[in-house]
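**Student:** Every letter in the sequence shown is one number past the one before it in this note's numbering, and letter 349, counting from 1, is 350.
Backbone N, C-alpha and C define an ideal beta-carbon position, used for all residues, glycine too.
Source: prediction; values computed, not measured.
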Amino acid sequence: MKRRNDLSPETLAAQALHHLDGATGAVVPAMHSASTFARDDNYDLHEGFVYSRYGSPTTKQAQDIIAALEGADAALLFNSGMSATVAVVEALPMGAHVVAQSMMYHIGLNWLNRQAGRGVIGFDSFQAGDLDALRAAIKPGETKLVWIETPANGDWSITDIAAAAEIAHAAGAILMCDSTAAPPCTTRPLELGADISFHSATKYLNGHSDLTAGVLSARAGLAIREEIEQVRGFQGTTLPGFESWLLIRGLRTLFVRYKKASENALTFARHFANHPAIETVMYPGLPDHPGHTVAARQMSGGFGGMMSLLVAGSAGRALAVAKACTTFIPATSLGGVESLIEHRHTVSGDGYGIPENLLRLSIGIENPDDLIADLEQALAITA
Ligand SMILES: Cc1ncc(COP(=O)(O)O)c(C=O)c1O
Numbered sequence: 002m003k004r005r006n007d008l009s010p011e012t013l014a015a016q017a018l019h020h021l022d023g024a025t026g027a028v029v030p031a032m033h034s035a036s037t038f039a040r041d042d043n044y045d046l047h048e049g050f051v052y053s054r055y056g057s058p059t060t061k062q063a064q065d066i067i068a069a070l071e072g073a074d075a076a077l078l079f080n081s082g083m084s085a086t087v088a089v090v091e092a093l094p095m096g097a098h099v100v101a102q103s104m105m106y107h108i109g110l111n112w113l114n115r116q117a118g119r120g121v122i123g124f125d126s127f128q129a130g131d132l133d134a135l136r137a138a139i140k141p142g143e144t145k146l147v148w149i150e151t152p153a154n155g156d157w158s159i160t161d162i163a164a165a166a167e168i169a170h171a172a173g174a175i176l177m178c179d180s181t182a183a184p185p186c187t188t189r190p191l192e193l194g195a196d197i198s199f200h201s202a203t204k205y206l207n208g209h210s211d212l213t214a215g216v217l218s219a220r221a222g223l224a225i226r227e228e229i230e231q232v233r234g235f236q237g238t239t240l241p242g243f244e245s246w247l248l249i250r251g252l253r254t255l256f257v258r259y260k261k262a263s264e265n266a267l268t269f270a271r272h273f274a275n276h277p278a279i280e281t282v283m284y285p286g287l288p289d290h291p292g293h294t295v296a297a298r299q300m301s302g303g304f305g306g307m308m309s310l311l312v313a314g315s316a317g318r319a320l321a322v323a324k325a326c327t328t329f330i331p332a333t334s335l336g337g338v339e340s341l342i343e344h345r346h347t348v349s350g351d352g353y354g355i356p357e358n359l360l361r362l363s364i365g366i367e368n369p370d371d372l373i374a375d376l377e378q379a380l381a382i383t384a
């Protein structure tokens with residue numbers, strides 16, 4: 002069968018890059034779990050694979066699919082989102098200055114503060130979405146990495162990726178965009194000027210809450226890319242074959258999952274937008290969200306399933322609402338097919354700007370009427 006390379010991203014994802022096993026005709030890529038690879042009669046490597054800590058065929062297959070979706074030359078898969086971002090910071094020159102948002106995935110922020118406290122990096126933060134604050138936080142010549150996250154985990158504030166890239170580049174820094182909440186079916190950060198697009202692939206890319214993974218896609222020619230790959234090899238954080246195979250399976254339904262989650266979330270957000278028991282719905286898809294205009298420009302395939310609600314009343318009531326839900330599952334994480342609810346302050350604690358009456362919701366692909374009815378009953382019995 003003739004293979005084509007001019008297919009749209011939806012088709013490439015659904016067909017795992019138009020995959021067909023030439024030897025067997027299998028329409029699903031095989032799963033390779035080997036930790037080591039034999040050399041041929043000339044003592045050369047087969048297709049460059051030597052030892053799975055550096056990469057293996059199934060991991061490469063998953064990387065190739067993600068790179069095609071991101072519009073990148075290549076992607077690197079890690080065994081978690083955190084190990085991917087740790088590798089980026091680790092690959093910077095010793096003492097490099099890093100700028101990141103004060104509202105972002107809180108463990109990432111924790112890690113940056115820890116490294117700054119140990120003198121490994123310099124670190125300053127800025128308010129997500131505020132480009133003047135970003136300019137002010139950068140030290141031209143010293144800042145090597147600007148790390149944005151959009152939509153930002155917590156209040157789902159939006160940062161203009163193209164504008165942030167211009168600001169970073171003018172100061173001699175590279176821009177990494179954590180696009181976990183906006184997978185490549187809606188946002189392609191490299192096309193907007195970012196140097197590295199990062200995802201916790203644990204979330205939408207896989208979509209089934211059954212693995213942890215992280216992925217970095219770098220623009221062509223990015224100097225630090227090789228260094229990052231070396232760090233991955235040193236730390237042994239390459240995603241193994243089985244998880245890569247599961248991820249390939251998840252990627253094949255990415256577009257339909259994300260579209261359905263976005264539709265559900267919009268229906269849900271509109272329902273609770275003027276609800277007497279809800280102070281604020283933080284969802285970039287709503288026109289009154291401060292980042293809506295930018296989000297509409299850079300999230301062409303939907304606003305996703307992530308939102309936060311500020312519950313009217315005490316922090317105690319917000320926690321009681323989370324406990325009273327019976328369809329939403331009270332668990333951390335996001336981007337899976339099942340809807341999750343989390344009293345975020347209980348999980349992250351103080352110091353991350355999370356209001357105590359905030360509930361974080363990851364809206365899945367269920368019937369939205371069931372989700373609306375669940376939150377309505379939880380609000381009613383905690384009134
Ligand atoms: C936006 C964001 N970035 C990064 C991470 C870290 O990814 P992982 O949990 O796969 O290490 C998370 C995890 O929740 C996240 O939500």
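Mind listing, in chain order, the continuous beta strand (DSSP E) runs of no fewer than 3 residues lying wholly within the stretch 129–194?
**Tutor:** Correct list: 144–150, 175–179.
**Student:** Hey, residue 359 and residue 240 are a contact pair by Cβ (cut 8 Å); roughly how many whole angstroms apart?
**Tutor:** Your numbering for residue 359 matches position 358 in the sequence shown. Your numbering for residue 240 matches position 239 in the sequence shown. 32 Å between Cβ atoms; not a contact.
**Student:** Roughly how far, in whole angstroms, is the beta-carbon of residue 279 from the beta-carbon of residue 320, given that I think they are within contact range, below 8 Å?
**Tutor:** In the sequence shown, counting from the first residue as 1, residue 279 sits at position 278. In the sequence shown, counting from the first residue as 1, residue 320 sits at position 319. Not quite, the Cβ-Cβ distance comes to about 15 Å (not below 8 Å), so this is no contact.
**Student:** Rounded to the nearest angstrom, how far is the Cβ of residue 101 from that of residue 148, given a contact under 8 Å?
**Tutor:** Your numbering for residue 101 matches position 100 in the sequence shown. Your numbering for residue 148 matches position 147 in the sequence shown. Between residue 148 and residue 101 the Cβ distance is about 4 Å, and since that is below 8 Å, they are a contact.
**Student:** Using only alpha-carbon positions, find the residue among 17, 124, 36, 72 that is nearest to residue 27.
**Tutor:** Within the sequence shown, numbered from 1, the residue matching residue 27 stands at position 26. Ranking 17, 124, 36, 72 by Cα distance to residue 27 puts 17 first.
**Student:** Could you tell me which of 67, 164, 256, 64 sits nearest to residue 132, measuring between CA atoms?
**Tutor:** Taking the sequence shown and counting its residues from 1, the one referred to as residue 132 is at position 131. Here the closest residue by C-alpha is 164.
**Student:** Can you check which of these residues, 54, 32, 90, is closest to residue 62 by C-alpha distance?
**Tutor:** The residue labelled residue 62 in the question sits at position 61 within the sequence shown. Selected option, being the one with the closest Cα: 32.
**Student:** Are the stretch 323–340 and the stretch 282–299 touching by the rule of at least three beta carbon pairs closer than 8 Å?
**Tutor:** Result no; under three Cβ-Cβ pairs closer than 8 Å.
**Student:** Taking residue 207 as the reference, give the member of 235, 258, 371 with the closest Cα.
**Tutor:** Working through the sequence shown from its first residue, we reach residue 207 at position 206. Measuring from the Cα of residue 207, the nearest candidate turns out to be 258.
**Student:** Going by C-alpha to C-alpha distance, which of 272, 336, 361 sits closest to residue 347?
**Tutor:** Sequence index remark: in the sequence shown, residue 347 carries index 346 (1-based). Here the closest residue by C-alpha is 361.
**Student:** Are there 16 or more other CB atoms within 10 angstroms of the CB of residue 1, so buried, or fewer, so exposed?
**Tutor:** This structure gives no information on residue 1, because the portion of the chain shown stretches from 2 to 384.
**Student:** So if DSSP puts residue 361 in a beta bridge, which residue, or which two residues, is it bridged to?
**Tutor:** Taking the first residue of the sequence shown as position 1, residue 361 is located at position 360. In DSSP, residue 361 forms a bridge with 309, 343.
**Student:** Taking the alpha helix (DSSP H) that residue 230 falls in, what are its first and last residues?
**Tutor:** Along the sequence shown, read from residue 1 onward, the residue named residue 230 stands at position 229. Run containing residue 230: 225–236, per the alpha helix (DSSP H) assignment.
**Student:** Hey, residue 245 and residue 60: beta-carbon distance below 7 Å or not?
**Tutor:** Position 244 of the sequence shown holds residue 245. Position 59 of the sequence shown holds residue 60. Yes, the Cβ-Cβ distance between residue 245 and residue 60 is below 7 Å.
**Student:** Rounded to whole angstroms, what is the Cα-Cα separation between residue 286 and residue 304?
**Tutor:** By 1-based counting over the sequence shown, the position of residue 286 is 285. By 1-based counting over the sequence shown, the position of residue 304 is 303. Answer to the nearest angstrom: the Cα atoms are 5 Å apart.
**Student:** Do residue 98 and residue 167 have their beta-carbon atoms positioned less than 7 Å apart in this structure?
**Tutor:** In the sequence shown, residue 167 corresponds to position 166, counting from 1. In the sequence shown, residue 98 corresponds to position 97, counting from 1. No, these two residues do not count as a Cβ contact at 7 Å.
**Student:** Is any heavy atom of ligand 1 found at a distance shorter than 6 Å from the C-beta of residue 83?
**Tutor:** The count along the sequence shown starts at 1 and reaches residue 83 at position 82. Yes; taking the cut-off as 6 Å, the Cβ of residue 83 has a heavy atom of ligand 1 nearer than that.
**Student:** Determine the direct distance from the alpha carbon of residue 56 to that of residue 13, and round the result to whole angstroms.
**Tutor:** Reading the sequence shown from its first residue, position 12 is the one you call residue 13. Reading the sequence shown from its first residue, position 55 is the one you call residue 56. Each residue's Cα considered, the two are about 22 Å apart.
**Student:** Using a Cβ-Cβ cut-off of 8 Å (strictly less than) and excluding sequence neighbours within five positions of residue 80, which residues of its own chain qualify?
**Tutor:** The sequence position of residue 80 within the sequence shown is 79, counting from 1. Once the five neighbours on either side are set aside, the close Cβ partners of residue 80 are 213, 214, 215, 238, 239, 240, 241, 244.
**Student:** List the endpoints of the continuous beta strand (DSSP E) containing residue 126.
**Tutor:** Taking the first residue of the sequence shown as 1, we reach residue 126 at position 125. Counting along the chain, the beta strand (DSSP E) containing residue 126 begins and ends at 123–127.
**Student:** Mark residue 29 as exposed unless 16 or more other C-beta atoms lie within 10 angstroms of its C-beta, in which case mark it buried.
**Tutor:** In the sequence shown, residue 29 corresponds to position 28, counting from 1. So residue 29 ends up on the exposed side.
**Student:** Would DSSP call residue 110 helix, strand or coil?
**Tutor:** On the sequence shown, residue 110 is found 109 positions in, with the first residue counted as 1. The answer is helix: DSSP assigns residue 110 an H, G or I state.
**Student:** For ligand 1, I want to know if residue 275 counts as a neighbour, meaning its beta carbon is within less than 6 Å of at least one of the ligand's heavy atoms.
**Tutor:** Position 274 of the sequence shown, counted from the first residue, corresponds to residue 275. Answer for residue 275: no, Cβ out of range of ligand 1.
**Student:** Does the Cβ-Cβ distance between residue 15 and residue 191 come in under 7 Å?
**Tutor:** One-based indexing of the sequence shown puts residue 15 at position 14. One-based indexing of the sequence shown puts residue 191 at position 190. No, Cβ-Cβ distance for residue 15 and residue 191 is not below 7 Å.
**Student:** Which two residues bound the contiguous beta strand (DSSP E) that contains residue 197?
**Tutor:** The count along the sequence shown starts at 1 and reaches residue 197 at position 196. Run containing residue 197: 197–201, per the beta strand (DSSP E) assignment.
**Student:** Do you know offhand how far residue 221's Cα is from residue 175's?
**Tutor:** Numbered from its first residue, the sequence shown carries residue 221 at position 220. Numbered from its first residue, the sequence shown carries residue 175 at position 174. Spanning the two alpha carbons is a distance of roughly 13 Å.
**Student:** Given that a residue counts as buried once 16 or more other Cβ atoms are within 10 Å of its Cβ, and exposed if not, what is residue 423?
**Tutor:** In the structure as shown, the chain starts at 2 and stops at 384, and residue 423 therefore has no counterpart that could be examined.
**Student:** In the DSSP assignment, find the unbroken beta strand (DSSP E) run with residue 215 in it and report its ends.
**Tutor:** Residue mapping note: residue 215 aligns to position 214 of the sequence shown, counting from 1. Element bounds for residue 215: 215–219.
**Student:** Could you check whether the Cβ of residue 268 sits closer than 6 Å to any heavy atom belonging to ligand 1?
**Tutor:** Translated into the one-based positions of the sequence shown, residue 268 becomes position 267. Not under cutoff, so the answer is no.
**Student:** Within the continuous beta strand (DSSP E) that includes residue 98, where are the two ends?
**Tutor:** On the sequence shown, residue 98 is found 97 positions in, with the first residue counted as 1. Start and end: 98–102.
**Student:** How is the alpha helix (DSSP H) around residue 67 delimited, first residue to last?
**Tutor:** Residue numbering aside, residue 67 sits at position 66 when the sequence shown is read from its first letter. Residue 67 -> alpha helix (DSSP H) spans 58–71.
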